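Residue numbers (the numbering used here): 980 to 1296. Even for Gly, the Cβ is constructed at its ideal location relative to N, Cα and C. All of these numbers come straight from a predicted model, not from anything done at the bench. The structure under discussion appears below in the form of structure tokens.
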Amino acid sequence: GEWRNIVYSDGYEEPVRLEVTLTKLGDEIWVDWAGSSPESTRGINVVLNYTHAYTTYALKCALAPEVPNNEGSFRPVHVSAPPGSILNAQPPAAVGARHIIGHFLPGAIFGALAQIIPERVMAEGAANIWNIQLTGKDDDGRLWTYVWFSTGGTGARPTSDGISAAAFPSGISGVPSEVIESLAPVIIHRRELRQDSGGAGKYRGGLGQTLEFSVRTRHPYTFSPLFDRVHFAAQGADGGHPGALARITTSSGEELDRKGARELPAGAHVTLELPGGGGYGNPRDRDPAAVHDDIREGLVSASEARSAYGIDPEPGD
980 GEWRNIVYSD GYEEPVRLEV TLTKLGDEIW VDWAGSSPES TRGINVVLNY THAYTTYALK
1040 CALAPEVPNN EGSFRPVHVS APPGSILNAQ PPAAVGARHI IGHFLPGAIF GALAQIIPER
1100 VMAEGAANIW NIQLTGKDDD GRLWTYVWFS TGGTGARPTS DGISAAAFPS GISGVPSEVI
1160 ESLAPVIIHR RELRQDSGGA GKYRGGLGQT LEFSVRTRHP YTFSPLFDRV HFAAQGADGG
1220 HPGALARITT SSGEELDRKG ARELPAGAHV TLELPGGGGY GNPRDRDPAA VHDDIREGLV
1280 SASEARSAYG IDPEPGD
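Rendered as structure tokens:
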């Protein structure tokens, strides 16, 4: 058999198309990324070994998670991508931010596998981690820079909700606010799960988070984001709804671009609203008790409960 799926990343100046075709021939699987976008002039290109790694990882998760990792377990899998495409970049293409695209590959694979084994794959999630990079001068005029990772929500699974503020496929965790503030002249003013960001479904997508920060110096500072899911939401599976899109704003009300350096004035606050994961299954099939729990915990608003789940809040919710 042959199964195809297409997903999109925000890319840099323009969207990036990731097209995958899975072909089963006997007891082997051929995975071809032909049809994907060409190389970018930016550093978001992916080399073939990285493409191979995240392709085989996704197949392993879905098909044989219990089989030990060794050469034999991956021998039946063959991965290809056209030379000069964004998934098989050639020298001298820049690849320093390859995770921006590479972390979308498992979601694309799962979308193809969902056509034959939907009970073994999750909905799309936030995908790539968010690199938050700040640079400036302290009050003594010394240069400083700091980078930390944050995460959106994972996609819902066939039997359970997605995980909030957690990264898949990278598996990293976020940096505690106290650690950030102790290592850099940064203040975290707000950090909380982002209500209604998880896609509705029989199983809800994981929530993204809202993060508001500023820099505690009298100098301007440079904010250099490497973000995604501002234009293309994580899609739900089997009737689940998509997760919320991401958004980046300043205290002046300006919306910032998802990638590229930007100088901000001293005292400016930046608010990051990270994307949520897609839901799994029809939202009207969700256990009403789970919806009421979500309302009480502030994960789902009363209006979302009514519109998406058909559930009216109860006293005490």
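So, at 7 Å on beta carbons, what are the nonlocal neighbours of residue i in its own chain, with the 5 sequence-adjacent residues on each side left out?
i	result
residue 1118	1196, 1197
residue 1168	1191, 1192, 1193, 1248
residue 1288	1179, 1262, 1263, 1265, 1270
residue 1003	980
residue 1242	1199, 1201
residue 1159	1127, 1165, 1167
residue 1268	none
residue 1068	1018, 1024, 1025, 1026, 1074
residue 1088	999, 1034, 1037, 1038
residue 1217	1097, 1259, 1260
Please state whether DSSP places residue i in a helix, a strand or coil.
i	result
residue 1290	coil
residue 1084	helix
residue 1259	strand
residue 985	strand
residue 1025	coil
residue 1152	coil
residue 1045	coil
residue 1282	helix
residue 1137	coil
residue 1015	coil
residue 1052	helix
residue 1161	helix
residue 1145	coil
residue 1037	helix
To the nearest whole angstrom, what separates the beta carbons of residue i and residue j, a pair I think is in contact under 8 Å?
i	j	result
residue 1105	residue 1130	7 Å
residue 1257	residue 1219	6 Å
residue 1227	residue 1206	7 Å
residue 1001	residue 995	Not confirmed; about 20 Å, so no contact.
residue 1022	residue 1075	4 Å
residue 1255	residue 1223	5 Å
residue 1060	residue 1012	4 Å
residue 947	residue 1143	For residue 947 there is no data in the structure shown, the boundaries of the chain being 980 and 1296.
residue 1209	residue 1237	4 Å
Look up residue i in the DSSP assignment and give the residues it is bridged to.
i	result
residue 1003	1008
residue 1234	1228
residue 1188	1172
residue 1242	1201
residue 1057	1009
residue 1110	1128, 1205
residue 1115	1123, 1200
residue 1167	1192
residue 1097	Paired residues: none, contrary to the question.
residue 992	In DSSP, residue 992 forms no bridge with anything.
residue 1249	1192, 1229
residue 998	985
residue 1216	1259
To which residues of the same chain is residue i closer than 6 Å at the C-beta, ignoring the five residues directly before and after it?
i	result
residue 1189	1171, 1173, 1252
residue 1046	1052
residue 1090	984
residue 1214	1103, 1221, 1257
residue 1154	1127
residue 1274	1284, 1292, 1296
residue 1081	1025, 1029, 1033
Please list, in chain order, all residues of the same chain as residue i whose beta carbon is under 8 Å from its beta carbon, the five residues on each side excluded.
i	result
residue 1182	1135, 1136, 1137, 1138, 1139, 1140, 1141, 1219, 1258, 1259, 1260, 1265
residue 1245	1194, 1196, 1197, 1198, 1199, 1200
residue 1151	1108, 1128, 1130
residue 1099	1041, 1042, 1092, 1137
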